[in-house]
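Remarks on the structure that follows.
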Amino acid sequence: MSSIAVLGYGVVGSGVVELFYKNKESIIAKAGTDVDIKYILDIRDFPDSPYKDKFVKDIDVILNDKDVTVVAECMGGVSFAYKFVKACLEKGKSVSTSNKELVAAKGAELLSLAKANSCNFFFEASVGGAIPIIRPLHKCLAANDITGVAGILNGTTNFILGKMINENMGFSAALKMAQELGYAEKDPTADVEGHDACRKICILSSLICGRHVYPENVYTKGISDISLEDVRYAEKFGCAVKLIASMKKLADGRILPMVMPMLVPHDLLLARVDDVFNAVLVCGDGIDKAMFYGRGAGMLPTASAVLGDVIEEIKCGKCTDISQTWEDSADPSFVAGHEESINKIYFRISKTDDIGIKAIEVIDDSDDMVFVTGPMTLLDAENLGRKLSESGVNVKAMIPVLDI
Ligand code: NDP
Ligand code: HSE
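Residue numbers for the sequence shown follow the numbering used here, so the first one is 120 and each next one is one higher.
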């Protein structure tokens with residue numbers, strides 16, 4: 120018999136409990152042993168819950184119960200989550216978490232702690248919600264040299280962009296809807312400004328390159344500057360505007376992770392990923408390209424990933440997964456800056472006779488001049504924007520075009 124404890128009974132935690140009891144019989148069959156949820160830890164009271172007898176407020180109850188072999192952490196944040204997860208791993212209890220902030224900040228340390236205590240720190244739910252991506256990367260695709268990934272990794276911003284573009288909904292109303300549906304972070308600035316997507320690309324990059332990539336070393340820009348005008352012009356160029364988190368391996372062995380809105384050509388599947396859906400395009404020397412797609416946020420989709428890890432843990436019985444790991448890295452010199460990225464660039468500027476370069480596509484509208492350049496480094500693009508501004512041109516938008 121294996122006992123599970125769930126930390127946090129919010130959107131994800133309550134989804135874990137609901138999905139577990141809905142499919143308990145088949146979960147037991149797949150786990151190969153009897154399983155139950157013994158405790159649910161939350162600071163709030165749930166007197167009307169059918170599970171009210173399972174609620175505890177003191178983590179020590181869970182830590183001191185030898186029956187609990189696996190803990191699903193769904194509280195969020197770093198402070199308490201870190202303290203509780205660390206204590207669980209030190210007791211040899213495996214952890215499955217949906218908390219990308221925790222993995223991106225403390226992953227290397229917690230993975231090493233799990234190894235030292237012959238248990239696991241699993242985090243399939245931390246990237247892409249329901250989409251299996253962590254395990255495929257280090258297991259199914261283990262034979263490849265993964266050369267890059269690019270994805271839509273934040274459901275809230277993809278949902279907001281879709282509502283604004285397709286339904287003419289205002290930004291605030293679309294954000295409110297995403298919050299009501301349980302997609303957004305507690306502080307939705309993390310979604311809107313790209314920090315959540317940044318944490319996720321850090322996790323994927325760390326797993327791919329074997330060294331911890333910290334969010335503070337990754338260029339991050341969110342969707343708050345995206346205007347509907349740019350979305351409409353992008354359509355004329357055959358592209359959709361999406362918040363893209365990407366990582367490329369460079370020829371010298373460094374990696375280049377970044378998060379920014381990009382024009383995605385319609386012939387890439389990523390351009391057609393809408394609503395709360397996420398997608399990750401993985402490039403490798405064996406596979407060429409593989410695409411992973413599914414619901415990127417929400418109660419049951421995320422619970423599915425958390426429970427998948429819980430079942431995996433119960434099945435493998437405290438055998439540490441050696442391929443799901445990376446080392447800590449104090450020296451960030453293996454992470455290149457976004458200025459080195461080479462892309463075509465979309466510019467929207469006030470009218471001028473000379474843009475100083477030969478653009479490959481130009482739309483000359485009544486007020487604005489809109490053009491796409493040939494491939495250039497983002498450093499050169501920023502310099503071009505600066506030069507145009509200095510000559511009195513109003514540079515209204517500058518957005519790279521995704522190239523993968
Ligand atoms: P919620 O805020 O809905 O749930 C978190 C729950 O944990 C709340 O009930 C909260 O109580 C409780 N909690 C917080 N701190 C403590 C503590 N110290 N002790 C006990 N209970 C505590 O968040 P979500 O369920 O949306 O998200 C949880 C985690 O999963 C986050 O890391 C999030 O980023 C991640 N995630 C969320 C997804 C989603 O679609 N929502 C998808 C993928 C990942 P209180 O409300 O009183 O603070
Ligand atoms: N706030 C996150 C999102 C939750 O919208 O993608 C899933 O990680």
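Cβ coordinates follow ideal geometry from the N, Cα and C atoms, glycine included.
What you are looking at is a predicted structure, and each value in this text was computed from that prediction instead of being measured.
Own chain, CB closer than 7 Å to residue i, minus 5 neighbours either side, in chain order
i	result
V533	It is not possible to answer for residue 533, since the shown part of the chain is limited to 120 through 523.
A227	H331, W445, E446, D447
D472	none
D179	none
Proximal residues to residue i (C-beta, below 8 Å), its chain only, five neighbours per side dropped
i	result
G403	L260, N263, D264, I265, T266, A409
E243	S215, P251, I252, I253, R254, A424, V425, G427, D428
S460	K367, L375, M377, T496, L497, P519
G151	I433, K434
M120	T152, D153, V154, D155, D186
F199	none
A353	A359, V360, L382, Y465, I518
D528	Outside the shown range of the chain, which is 120 to 523, sits residue 528, and nothing can be said about it.
Residues bridged to residue i (per DSSP)
i	result
D483	M488
L382	V360, V520
M366	V268, P376
S133	Partner(s): none; S133 has no beta bridge.
A332	At residue 332 the sequence reads Val, which differs from the Ala that was named. DSSP, once it has assigned bridges, lists no residue as partnering V332.
S495	The sequence given here places Met at residue 495; Ser does not occur at that position. BP columns for M495 point to N462.
V556	Given a span of 120 to 523 for the chain in the structure shown, any question on residue 556 remains unanswerable.
Cβ-based burial, residue i [other Cβ within 10 Å; buried from 16]
i	result
C435	exposed
A364	buried
E192	buried
R351	exposed
N285	exposed
V392	buried
C438	exposed
N287	exposed
G281	buried
G274	buried
K305	exposed
L382	buried
A500	buried
I327	buried
N502	exposed
S442	exposed
Y140	exposed
V135	buried
N183	exposed
V481	exposed
P334	buried
E417	Sequence inspection shows Gly at residue 417; the Glu mentioned does not correspond to that position. G417 is buried by the Cβ-count criterion.
Close beta carbons around residue i, own chain, < 6 Å, minus the five adjacent residues each side
i	result
M379	K340
Y158	A124, K173, V175, I181
A516	D349, R467
N336	P451, V454
M585	No answer is possible for residue 585: the residues shown for the chain start at 120 and end at 523.
S508	V514
F241	S215, D428
K234	T439
V189	I123, S213, V429, E432
P420	G248, A249, R414
G405	A262, N263
A303	T275, A297, D310
Closer than 8 Å to chain C by CB, residue i
i	result
N263	The displayed structure is made up of one protein chain only, and chain C is not part of it.
Length at least 3, wholly inside the segment 148-233: the beta strand (DSSP E) runs in chain order:
154-160, 187-192, 213-216
What are the start and end residues of each continuous alpha helix (DSSP H) run of 4 or more residues lying completely inside the segment 384-444, in chain order?
418-435
Fully enclosed by the segment 246-306, which alpha helix (DSSP H) runs are 4 residues long or longer?
274-286, 290-299
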